[in-house]
Amino acid sequence: MFSFEIKYEEIKMKNIFLTMMIVMMSFTVCANDKPYTLGTVWEVSYIQVNDGKLEDYLKNLNSGYYPIYEEFKKKGWITSYKAISFSRNNPNDWNLMLLTEYPNWATFDRKEEEWEAVVDKVFKNKQAQDSSDEERTNIRVLWGSKVGREMIPVI
């Protein structure tokens with residue numbers, strides 16, 4: 011009678027294990043049925059550059075924003091960055107989009123102190139940074155930013 015109880019427990023454990031494996035496999039199959047794979051993380055900023063000031067704004071980006079982002083690229087914190095100019099639908103519309111690509115959410119969520127250390131290294135002094143920020147503020151309006159995950163179609 012004792013051996014029967016052991017065999018019953020063995021069979022019961024095997025059934026539980028088998029059930030768990032089937033459930034796990036079904037989750038894997040369902041996960042692979044998605045029509046996309048997850049890609050990189052993108053931050054998109056919408057900018058309204060004042061009339062006649064686009065070149066000034068881009069010069070400002072070249073002297074401050076882009077050198078910082080080059081440092082971020084060297085560290086692997088961002089993958090790429092872009093500025094795309096658009097025509098306006100009306101005089102109060104945004105006309106420039108800044109895009110920054112991050113490898114993943116963990117990199118995007120990096121501690122602010124780490125980002126600031128690179129900014130401080132590039133600008134070398136707070137006054138230069140403040141001057142660059144003020145110059146940008148006078149020639150553009152930041153409409154806002156959004157962050158999202160690229161969804162790559164599975165074909």
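Its first residue numbered 11, the sequence shown is counted upward by one per residue in my numbering. Think of the CB as a built atom: it goes at the ideal place given N, C-alpha and C, for glycine as much as any other residue. If you're wondering where the values come from, they're calculated on a predicted model, not measured in any experiment.
Just tell me which of the options has its CA closest to the CA of residue i.
{"i": "L71", "options": "N100, K83, N105 and K92", "result": "K92"}
{"i": "R150", "options": "K85, Y46 and L64", "result": "L64"}
{"i": "G86", "options": "N99, S97 and A116", "result": "A116"}
{"i": "T110", "options": "V164, P163, Y75 and M161", "result": "Y75"}
{"i": "V128", "options": "Y46, E81, K44 and E160", "result": "E81"}
{"i": "V157", "options": "N114, E124, S73 and E145", "result": "N114"}
Give me, in chain order, the residues of the same chain whose beta-carbon lies closer than 8 Å to that of residue i; leave out the 5 immediate sequence neighbours on both sides.
{"i": "N166", "result": "Because residue 166 is not part of the residues shown, which for the chain are 11 to 165, the question remains open."}
{"i": "Y112", "result": "T50, V51, W52, E53, W87, I88, T89 and F118"}
{"i": "S97", "result": "N105"}
Got a sec, what are the start and stop residues for the beta strand (DSSP E) residue i sits in?
{"i": "I47", "result": "A small correction: the amino acid at residue 47 is Thr; Ile does not occupy that position in the sequence shown. Counting along the chain, the beta strand (DSSP E) containing T47 begins and ends at Y46 to V59."}
{"i": "L152", "result": "R150 to P163"}
Got a sec? Which residues, its chain only, sit under 7 Å from residue i by beta carbon, not counting five neighbours each side?
{"i": "V39", "result": "Any reading at V39 must be qualified, since the residue scores a pLDDT of 49, below 50, and its modelled position is unreliable; the value itself is stated next. Result list for V39: empty, nothing under 7 Å."}
{"i": "P77", "result": "V132"}
{"i": "D61", "result": "none"}
{"i": "E123", "result": "none"}
Would the beta-carbon of residue i be found less than 7 Å away from any heavy atom of the ligand ADP?
{"i": "K83", "result": "Looking at this structure, you won't find the ligand ADP or any other ligand, since it has none at all."}
Taking 8 Å as the cut-off, does the stretch 65 to 79 touch the stretch 42 to 55 (at least 3 CB pairs, one atom from each stretch)?
no
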